[in-house]
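Below is one structure, written out as C-alpha cells; the observations come after it.
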Amino acid sequence: MPQFRYVVTDGKGIRREDQLRASNLDSAMQNLTKKGFKVVSLREIRSAMGEGALPPVHRQVQIRLERIKNHIPLNTLVFFTRQLSTMFSAGLTIEKSISNLMLEEKNPRFRKVLAKVANDLKKGMGLSEALGENPGVFDGLYTALVHAGEISGSLHVILEELSDYLEV
Numbered sequence: 326m327p328q329f330r331y332v333v334t335d336g337k338g339i340r341r342e343d344q345l346r347a348s349n350l351d352s353a354m355q356n357l358t359k360k361g362f363k364v365v366s367l368r369e370i371r372s373a374m375g376e377g378a379l380p381p382v383h384r385q386v387q388i389r390l391e392r393i394k395n396h397i398p399l400n401t402l403v404f405f406t407r408q409l410s411t412m413f414s415a416g417l418t419i420e421k422s423i424s425n426l427m428l429e430e431k432n433p434r435f436r437k438v439l440a441k442v443a444n445d446l447k448k449g450m451g452l453s454e455a456l457g458e459n460p461g462v463f464d465g466l467y468t469a470l471v472h473a474g475e476i477s478g479s480l481h482v483i484l485e486e487l488s489d490y491l492e493v
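Here this note's numbering is used: position 117 in the sequence shown is 442, and no number is missing along the way.
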C-alpha cells in the first residue's frame, strides 16, 4: 500500500506534518478530511529504487526524452512565468492563476501540462511539487527556485526574477 506525506492544519490552525498509508491519493485525502484537517499538501512518497522507479541513469534518459516530446518554446515559458507572477502579486490564488493561463494558452502541449499542474494543485500539492511532476517542461532549477519562493513567502518576486533569467 502506498505511503503519503502530508501537511495539514487542524481546526485551531495548527500546522501538522506526518505520513500515512492509503490505497491511493484520493483515499488519503478523504482520510485526512474526515478527521477534520484542512489539507495543505499531500503527495505519495516513492523510494529512490521502489516499485516503478528507474535507476538514476535511466531517469536522466527518461527526462531528456520527455523534454524532446514535450518541447515548449522558451518564449512560452517566459510569458507563462511572468504572467503567473503578475496574477499572483495582484492577489489571485496560484490555482486560479494557473487555470486562467491554461484557458488562454495556445500551445496544446503546454495547455495539457498546465491542466495537469492545475489538477495536482487541487489534490493538495504545492506549486513546486506540481511543476516538478513535469520534468520535461520545468527543469530542476525552475522548480527549486519556485520552492524557495514558496518557503520564503516571496513567490511573486522569485517568479519575476525567474522570467528575467529565462529571457536572457
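Even glycine gets a Cβ: it sits at the ideal position worked out from N, Cα and C. These numbers were taken from a predicted model, which means no experiment stands behind them.
Quiz item: What residue range is occupied by the uninterrupted alpha helix (DSSP H) comprising Val403?
Solution: Start at 1 with the first residue of the sequence shown, and residue 403 comes out as number 78. Its alpha helix (DSSP H) spans residues 399–414.
Quiz item: Using the rule of at least 16 other Cβ atoms within 10 Å of the residue's Cβ for burial, across every protein chain shown, is Asp445 buried or exposed?
Solution: For this step, residue 445 is matched to residue 120 along the sequence shown. Buried is the call here.
Quiz item: Who are the Cβ neighbours of Gly336 in its own chain at under 8 Å, not counting the five residues just before and after it?
Solution: Mapped onto the sequence shown, residue 336 falls at position 11. Answer for Gly336: Gly361, listed in chain order.
Quiz prompt | Presumed contact (8 Å Cβ cut-off) between Thr406 and Leu480, rounded CB distance | solution = Mapped onto the sequence shown, residue 406 falls at position 81. Mapped onto the sequence shown, residue 480 falls at position 155. With a Cβ gap of about 11 Å, Thr406 and Leu480 do not count as contacting.
Self-check item: Opening and closing residue of the alpha helix (DSSP H) in which Ser422 lies
Solution: If you number the sequence shown from 1, residue 422 lands on position 97. Where Ser422 is concerned, the enclosing alpha helix (DSSP H) stretches over 419–429.
Self-check item: Continuous alpha helix (DSSP H) stretch holding Phe435: start and end
Solution: As a working note, residue 435 is residue 110 in the sequence shown. Per DSSP, Phe435 belongs to the alpha helix (DSSP H) from 433–447.
Exercise. Look at Glu420 and Lys441 and say whether their C-beta atoms are less than 8 Å apart.
Key: Stepping through the sequence shown from its first residue, residue 420 is reached at position 95. Stepping through the sequence shown from its first residue, residue 441 is reached at position 116. It is not a contact, given that the beta carbons lie outside the stated cut-off.
Quiz item: Taking the Cβ atom as the reference point for each residue, do Val462 and Val438 lie within a distance shorter than 8 Å?
Solution: Locating residue 462 in the sequence shown gives position 137, where the first residue counts as 1. Locating residue 438 in the sequence shown gives position 113, where the first residue counts as 1. For Val462 and Val438, yes; Cβs fall inside 8 Å.
Practice problem: Spatial neighbours of Lys363 within its chain, please: CB distance less than 7 Å, with the 5 preceding and 5 following residues excluded, ordered by chain position. | Solution: The residue labelled residue 363 in the question sits at position 38 within the sequence shown. Excluding sequence neighbours, Lys363 sits near Val333, Thr334.
Quiz item: Within 10 angstroms of its Cβ, does Ala473 collect 16 or more other Cβ (buried), or is it exposed?
Solution: In the sequence shown, counting from the first residue as 1, residue 473 sits at position 148. By the 10 Å Cβ count, Ala473 comes out exposed.
Exercise. Look at the alpha carbon of Met412 and the alpha carbon of Ser422, and state the distance between them as a whole number of angstroms.
Key: Start at 1 with the first residue of the sequence shown, and residue 412 comes out as number 87. Start at 1 with the first residue of the sequence shown, and residue 422 comes out as number 97. So the two alpha carbons sit approximately 6 Å from each other.
Self-check item: As assigned by DSSP and simplified to three states, the class of Leu484
Solution: The count along the sequence shown starts at 1 and reaches residue 484 at position 159. It is helical.
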